[in-house]
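Remarks on the structure that follows.
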Amino acid sequence: MRGKTLLLCVLVSVTLPFLPLLLWSVADKWFYPALFPQAFGTRAWSYVFTTAGSQILDGLFTSFSLALMTTIVSLLLGVPAGRALGLYDFPGKKLTMLFLTLPIIVPPLSVSMGLHLWFIRLELAETFFGIVLIHLTFCLPYTIFVIRGVFSNYNPDFEAQARSLGAPPLTVIFRVMFPVILPGIIVAALFSFLLSWSQYLSTLIIGGGKMLTLPILLFSLIGSGDRPVAAAVSLVFILPAFLALLGSAHYLGRTGLKGIR
Amino acid sequence: MRQLELRNLTIRYGETTIIRDLSLSIKNGEIVSLLGPSGAGKTTILKTIAGLLQPAGGQIFINSISVNHLPAEKRDAVLIFQKPLLFPFLNVAQNIGFGLKMQKMARREAERKIDRILEITELAGLNSRKIHQLSGGQQQRVALARGLVLEPAILLLDEPLSNLDAELRLQMRELIYTVQRQTETTMLFVTHDQSEALAISDRVCLLLDGGLRQTGSPEELFYSPADPEVARFFGCDNIFSSSDSFTQQAGNFHTDQKLFTIRPEDVEIFSDQKEPTSPRHAFEGTVTGMIFEGRLTRLTVSVTEKEHVTVLCRRPAFHIGQTVWLRMPKDRIHFFP
Amino acid sequence: MSGPGRKASLHQLVYLLGPALTIILLLFGGGLLLGLFQALDVSSATGMKSITFDHFRTVFTDPDFAGSIALTLYISLTSTLLAASISIVLALAIAHWAANNRIVNFILQIPLTVPHLVIAISFLLLLSPGGIFSRFFSFFGMIPSPSAFPLLVNDDYGVSILVVYVWKEIPFITFMLLSVLKNLGPELSEVGATLNGSRLQRFRYITLPIIGPSLGAACLIVFAFTFGAFEVPYLLGKTYPVSLPVWAYKNYSDIDLLARPEGIAIGLIIAATITVSITLSQVLIQFARKRGVII
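Structure representation (structure tokens):
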């Protein structure tokens, strides 16, 4: 009984903020103080997919490719580093960890403003690659921490066993290590993807307004005051992450996404 | 010829030498156990033979070929770890077939081999079971099957019984023994449990202080230990010298100062001086300790103030403080070389 | 040789850690250092000779600085404390009544995936004077006019900012606590009960010390994030005073390029404040532990 009350409380508090987004995205006329829209319509949605279609869809594509690229690079660099920190003891390990927590606590804005001038000189500003780099400053440390956690519960004897059974080193990595840490890799990937996906200010500073990601488009929509369209784009903005959550919930079971923010 | 030979194997871990100058050879089809206390470096030896650790010195031959420079995956030796370490993302048959897949064996043939080994290890029908659906004993058997199926020149087993409870341990011990007889796989078996080693092996190698102390048949090590430490390892603390006062008194020992031992269960104990068949050779003592251990009771008999004899006997009718007579049959006494 | 504490060769470590650390050192360390150079007017042309603290001085002596840092601290401390307190209760409740309830687990994961920006927008639509709450109260006649609805957006107390942060951070902290509580099980608390500890005592001297490290880590991350975040206070905060990150960006993006180094200086002040306060809190906790305080 108490479990059900708890469930209800959590359900209501979590879903409440989605209510105005859903309502506004299908509202054609909704004047104060009407509790519900006076007229429903698909104006906002058709605007998103047709009138401004190319812009929103382009933004979706830009955001998606940025987040994907950032995630891939984060994993490629973060898995080895997380393995070193999770599995081995070495002098300077604590210092390394301390150093890696800094990019997590220091906001990207401080770093982006410092790097901007040099990115301009190196012709990295306003480029896809430049934004991937700035997103890496915080996505990579987060990835390393998730992967480190995975490796601290990992038994490397599995690898020794596989080698003794005749598996060469590369096969051990792909056939043994990779499947064992896969749930952790998925969490780290989602993590990195979401961080990059929802990033606004650092993209704006380094992209100089030229890289129109979804959050940047969304900001300008709020400025324009068109609530239905802003609500619809907001929903588009949360959709991929929500789908990823649905997909991972099945795959990760009870492990879930703990630790992601 | 399928065999393993170690020549002057030396293993270091960091600065400390764990194994010094160890030499050992194992014949085709033999089952040899490496017995030693925990932390003696037994696992390290197996890992070195398997190619997972590099020795600091010495040579390893498998099939009479030096394998020092071969990586683990190229050595014809398979190590079975203490934990089953079954890959959780593969089912039973896939786990057993892992090594065959690495050898790129044709699927038909691999399946045939897997089925046969499942039969031998009493796992028939479990092919597509998930790992987490298996009991501890089944997991251990799959681990054994996964090594056996590769028919390696030598199978290295690292305490495969230590994760099992008492009853399963006996079953698994039987299984390893029968499987070994059936497949004639050469095995090197590591354990800290003397009864395991004695029960299962053709030969026992006792590892103490980083080197082999004694190698021989189980009976040899048990009844004819090479030195007092070996005797103590097998639970015999009756180490005496022929110059000890009580042995002098008994009068049936050599006169030169030699150390000897007698198994506690071989010491005869009587409550009356007239009972022993040759009372001349019996000596007097007082029962000072008595511990009931189940099948046998462990008695401590003080023969002088400082000299004590441990006696194991069934259903003793003695009490602490009682005066008893002990006799050590001549043929049960073992003089250290 | 099993368990943690395995050794790796230097060669291996360089190969594993080298690329990641180089990237982070170059981008993060480089970013802060280059920012510092700009804020101090050090350039490749003039070198260290032109070093000046003018930009920092301008920021510190700005009459808005005190208000801005106070507002930022207020927002981050309040939202961290609120989120942490609710999370403790929620985590304990879930551990007790719904430890393996996959639905609760799933629902609670949703906020983790929603960007702050979207939540800021939806609370804007909920809490603003023309928002759904205001309509609700007005519809049922509980308030006479829109102007009678209390100001919750762009207001003096940053109510909507706090609501957004609390909504977003509770699941994060709760999951951090649950990962400890689930491994713990009820045994230790039962031991406490057999030792005659009251419910409150058991919480204070058994549960709290055990979740302490996770709670502390989660709070520090939340504090650092809310102190340095831009979107939410920008959208939902009032125009004066603004929070430090908003102020920094306003200066940085000013048409007057001379304001840019000041923006960078504020960015560095944010970074320094976060680093110093986190270090300080760690030192204080260590000190308290040495004195025998159970935290």
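Residue numbers (our numbering), protein chains in the order written: chain S, 1 to 261; chain D, 262 to 598; chain E, 599 to 893.
Heads up, the beta-carbon is just placed ideally off N, CA and C, and yes, glycines get one too.
Could you say which of the options lies nearest to residue i if we only look at CA atoms?
i, options, result
"D:LEU557", "D:PHE501, D:GLU529 and D:PRO577", "D:PRO577"
"D:THR571", "D:ARG442, D:ALA367 and D:THR547", "D:THR547"
"S:LEU85", "E:SER683, E:LEU688, E:LEU614 and E:VAL764", "E:LEU614"
"S:VAL79", "S:TRP197, S:ILE144 and S:VAL180", "S:ILE144"
"D:THR447", "D:SER286, D:PHE597, D:ARG281 and D:ILE279", "D:SER286"
"E:VAL778", "E:ALA746, E:THR792, E:LEU813 and E:LEU798", "E:LEU813"
"D:VAL339", "S:PRO215, S:ALA162, S:ARG175 and S:PRO37", "S:ALA162"
"E:PRO811", "E:GLN880, E:PRO617 and E:LEU631", "E:GLN880"
"E:ILE673", "E:TYR803, E:PHE828, E:LEU722 and E:PRO727", "E:PHE828"
"E:LEU680", "E:LEU671, E:ILE768, E:ASN849 and E:PRO839", "E:ILE768"
"D:LEU313", "S:SER224, S:PRO168 and S:ARG227", "S:PRO168"
"E:LEU722", "E:VAL762, E:GLY826 and E:ALA664", "E:VAL762"
"S:ALA241", "E:ILE708, E:LEU619, E:LEU690 and E:PHE635", "E:ILE708"
"E:ILE705", "S:LEU100, S:LEU11, S:SER198 and S:ILE238", "S:LEU11"
"E:PRO744", "E:GLY756, E:GLY729 and E:VAL757", "E:GLY729"
Short of 6 Å in beta carbon distance, which residues of its chain neighbour residue i, apart from the five on each side in sequence? Order them along the chain.
i, result
"D:GLU529", "ARG588"
"D:PRO486", "ALA492"
"D:GLU266", "SER286 and PHE322"
"D:ARG281", "THR271, GLY471 and GLY472"
"E:ASN752", "LYS836"
"D:ARG273", "ALA317"
"E:CYS817", "THR678 and ALA682"
"S:LEU201", "LEU109"
"S:VAL150", "ILE181 and GLY184"
Who are the neighbours of residue i on chain S, taking C-beta pairs under 9 Å?
i, result
"E:HIS653", "Near E:HIS653 there are no residues of chain S at all, since even the closest Cβ is about 12 Å away, more than 9 Å."
"D:ARG407", "GLN161 and LEU165"
Under 9 Å, do residue i and residue j count as touching if we go by C-beta distance?
i, j, result
"E:ILE771", "E:PRO831", "no"
"S:ALA231", "S:LEU23", "yes"
"D:ALA311", "S:SER196", "no"
"D:ALA354", "D:LEU395", "no"
"S:LEU8", "E:ASN699", "no"
"S:PRO107", "E:PHE823", "yes"
"S:ALA27", "S:LEU194", "no"
"E:GLY865", "E:TYR850", "yes"
Residues in its own chain within less than 8 Å of residue i by CB, not counting five upstream and five downstream?
i, result
"D:ARG402", "THR382, GLU383, LEU384, MET433 and LEU436"
"D:GLN443", "ILE381"
"E:LYS780", "ALA693 and ALA697"
"S:THR255", "With a pLDDT of 49 at S:THR255, under the threshold of 50, the modelled position of that residue is not reliable, and the figure given next carries that caveat. Around S:THR255: PRO183 and VAL187."
"S:VAL48", "ILE56, VAL229, ALA232, VAL233 and VAL236"
"D:PHE495", "GLN455, LEU482, PHE483 and PRO486"
"S:ARG261", "Note on S:ARG261: pLDDT 46, under 50, position unreliable in the model; no value is reported."
Closer than 8 Å by beta-carbon distance: list the chain S residues that pair up with residue i, in chain order.
i, result
"D:GLU380", "Neighbours of D:GLU380 on chain S: none; closest Cβ ~20 Å, over 8 Å."
"D:ALA333", "ALA160, ARG163 and SER164"
"D:LEU411", "LEU165 and GLY166"
So, at 7 Å on beta carbons, what are the nonlocal neighbours of residue i in its own chain, with the 5 sequence-adjacent residues on each side left out?
i, result
"D:GLU457", "LEU422 and ARG434"
"S:ILE205", "SER112, MET113 and HIS116"
"D:ALA460", "ARG434"
"E:SER787", "ARG800, ILE804 and THR805"
"E:MET599", "For E:MET599, the predicted model reports a pLDDT of 37, less than 50, meaning its position is unreliable and no value from the coordinates is stated."
"E:PRO602", "Confidence in E:PRO602 is poor, its pLDDT being 41 and thus under 50, which makes the residue's placement too unreliable to answer from."
Could you check whether the Cβ of residue i sits closer than 8 Å to any heavy atom belonging to the ligand GDP?
i, result
"D:ILE287", "Annotation note on the ligand GDP: not contained in the displayed structure, which lists no ligands."
Using a C-beta to C-beta distance shorter than 9 Å, which residues of chain D count as neighbours of residue i?
i, result
"S:PRO179", "PHE348, PRO349, PHE350 and LEU351"
"S:THR171", "GLU334 and MET363"
Taking Cβ-Cβ distances shorter than 8 Å, what residues in chain E pair up with residue i?
i, result
"S:LEU117", "LEU632 and GLN636"
"S:PRO20", "SER720, LEU723, LEU724, GLY729 and ILE730"
"S:PRO33", "SER732, ARG733, SER736, PHE737 and PRO744"
Can you pull the chain E residues whose beta carbon is under 7 Å from the beta carbon of residue i, in chain order?
i, result
"S:ARG2", "TRP695"
Which residues of chain D have a Cβ atom closer than 8 Å to the Cβ of residue i, listed in chain order?
i, result
"S:ASP157", "PHE342, LYS344 and LEU346"
Is the CB of residue i under 9 Å away from at least one CB in chain C?
i, result
"S:ARG227", "No chain C appears in the structure shown, which is made up of the protein chains S, D and E."
Count the CB pairs spanning the segment 239-246 of chain S and the segment 178-185 of chain S that are closer than 8 Å, and state whether there are at least three. No, they do not touch.
Okay, do the segment 189-198 of chain S and the segment 356-371 of chain D touch, 3+ Cβ pairs below 8 Å being the bar? Between the segment 189-198 of chain S and the segment 356-371 of chain D, the count of C-beta pairs closer than 8 Å stays below three; the two stretches do not touch.
Indicate whether the contact test is met: 3 or more Cβ pairs, each with one atom in the segment 1-9 of chain S and one in the segment 685-699 of chain E, closer than 8 Å. The segment 1-9 of chain S, when compared against the segment 685-699 of chain E, does touch it at the 8 Å Cβ threshold.
Would you call the segment 739-754 of chain E and the segment 850-860 of chain E touching, i.e. three or more CB-CB distances under 8 Å? No, because fewer than three Cβ pairs between the segment 739-754 of chain E and the segment 850-860 of chain E fall closer than 8 Å, the two stretches do not touch.
Pair every Cβ in the segment 44-63 of chain S with every Cβ in the segment 216-228 of chain S, then say whether three or more of these pairs are closer than 8 Å. Short answer: they touch.
Given 8 Å as the limit, is there contact between the segment 199-214 of chain S and the segment 131-147 of chain S, that is, 3 or more CB pairs closer than that? Counting Cβ pairs under 8 Å, three or more are found: they touch.
The segment 296-310 of chain D / the segment 408-421 of chain D touching (three or more Cβ pairs under 8 Å): With the cut-off at 8 Å, the segment 296-310 of chain D and the segment 408-421 of chain D touch.
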